Structure formats: C-alpha cells, structure tokens
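J.: According to the numbering used here, the sequence shown is numbered sequentially starting from 764.
Glycine included, every Cβ here is placed at the ideal spot set by N, Cα and C.
The model shown is predicted, which means the values in this text are computed figures rather than measured ones.
What follows is a single structure, and I will ask about it in a moment.
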Amino acid sequence: MNKENKTANKADHKKAYAVLFALGAVFFLIYAIFGGAFSQGEINKTFFVLCDASFIPAMLYIVTGLVIVIANDGFFDAFTYASRKFSYLINKDYEDKLKKDEPFHEYKKNRHRANVPAKPVLLTGFCFLVLSSLCLLAFYKL
764 MNKENKTANK ADHKKAYAVL FALGAVFFLI YAIFGGAFSQ GEINKTFFVL CDASFIPAML
824 YIVTGLVIVI ANDGFFDAFT YASRKFSYLI NKDYEDKLKK DEPFHEYKKN RHRANVPAKP
884 VLLTGFCFLV LSSLCLLAFY KL
C-alpha cells in the first residue's frame, strides 16, 4: 500500500511538472511570437526577445511559488480568520455561527493539514530563469 501511494504521488508530481512546463511554454511562445522573435532579421534582437519571453514565466512561477510558501507557513491565516469573523458580524445569524466557530489555534491546525506543494512551481520557474539567463548570455556574446 505504501508503494502504491509513492508511485501515485510521483505520477502526480510528473503531471504537475508537465502542466506547469506546458503553461510556461505557452506564455513563452505567445510573447516570442508577438515580440517578433521569429521574424527578426538580426539574431541579436531574436535572443533579446527570447530572453524576455522566458523571463516572464520565470518570474510568474517564482513569485507564485513564494506566495505558496508564505501561505503554507501560515502568514495569511490571521487575515482569513479575521475576515471570516467579520463576515459573521455582517450576517443576520452571526451569534449562532460565532458559537459554533472554532478558536484560532484549531482553525490554523485544520487549515494546514494539506498544504499545497510549492516545489514544482519554484523548480519550473528556476528552469525558465536558467533559459532566460542563457538567452541573455547569448545576447551579450553576439
């Protein structure tokens, strides 16, 4: 049973990486096509556009991954808990909800039972960042 869970987990990670790389490639191709990377006469300008095209998904993934890491650590828990309590005050039957509501430490424990993994998002972002760095090096060498 444990081996089955590990293989299912690896398959989920492979699927996550494939989806993230495909989405990043779509961003890359859209920017490269509209930026004129494939219609440029000069190779230097082509590498410049390719550098920009790979930098955009890199930064999107890295920033998203960092927000996931911060959210998994519980930085936003106080804000979400407070907004939920405030929404109870707006509703008509807030007294019943406040009586049934869990304390903050229970809310935080229940909320972090299943964290979203940030590793696939961050690694995909760093791969696009490496591609962007290689295009930047080629831009300055040519």
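#1: So Y824 and F891 are supposed to be a Cβ contact under 8 Å. How far apart are they, rounded?
#2: Would you check if there are 3 or more beta carbon pairs closer than 8 Å linking the region 874-889 to the region 822-841?
#3: Who are the Cβ neighbours of N807 in its own chain at under 8 Å, not counting the five residues just before and after it?
#4: With three or more C-beta pairs closer than 8 Å as the rule, is the region 811-822 touching the region 783-799?
#5: State the Cα-Cα distance for the pair K777 and L894, rounded to the nearest angstrom.
#6: Specify the secondary structure class of G804 as computed by DSSP and reduced to three states.
#7: If you count every other CB in all the chains shown that lies within 10 Å of the CB of F810, and 16 or more means buried, which is it?
#8: Give the DSSP-derived three-state secondary structure of D864 in the structure shown.
#9: What did DSSP end up calling P880 once you bin it into helix, strand or coil?
#10: Could you pull out every residue in the same chain whose Cβ sits closer than 8 Å to the Cβ of K783, ignoring the five residues on either side in sequence?
#11: For E805 and L792, what's the separation of their Cα atoms in angstroms?
#12: Which value, in whole angstroms, describes the spacing of the CA atoms of Y851 and E865?
#13: Within its chain, find whatever has a CB closer than 7 Å to the CB of K871; leave out the 5 residues flanking it on each side and keep chain order.
T.: The structure says:
#1: 7 Å
#2: yes
#3: F902, L905
#4: yes
#5: 20 Å
#6: coil
#7: buried
#8: coil
#9: coil
#10: A small correction: the amino acid at residue 783 is Leu; Lys does not occupy that position in the sequence shown. Closer than 8 Å at Cβ, skipping near neighbours: Y824, P883, V884, T887.
#11: 19 Å
#12: 13 Å
#13: G837, D840
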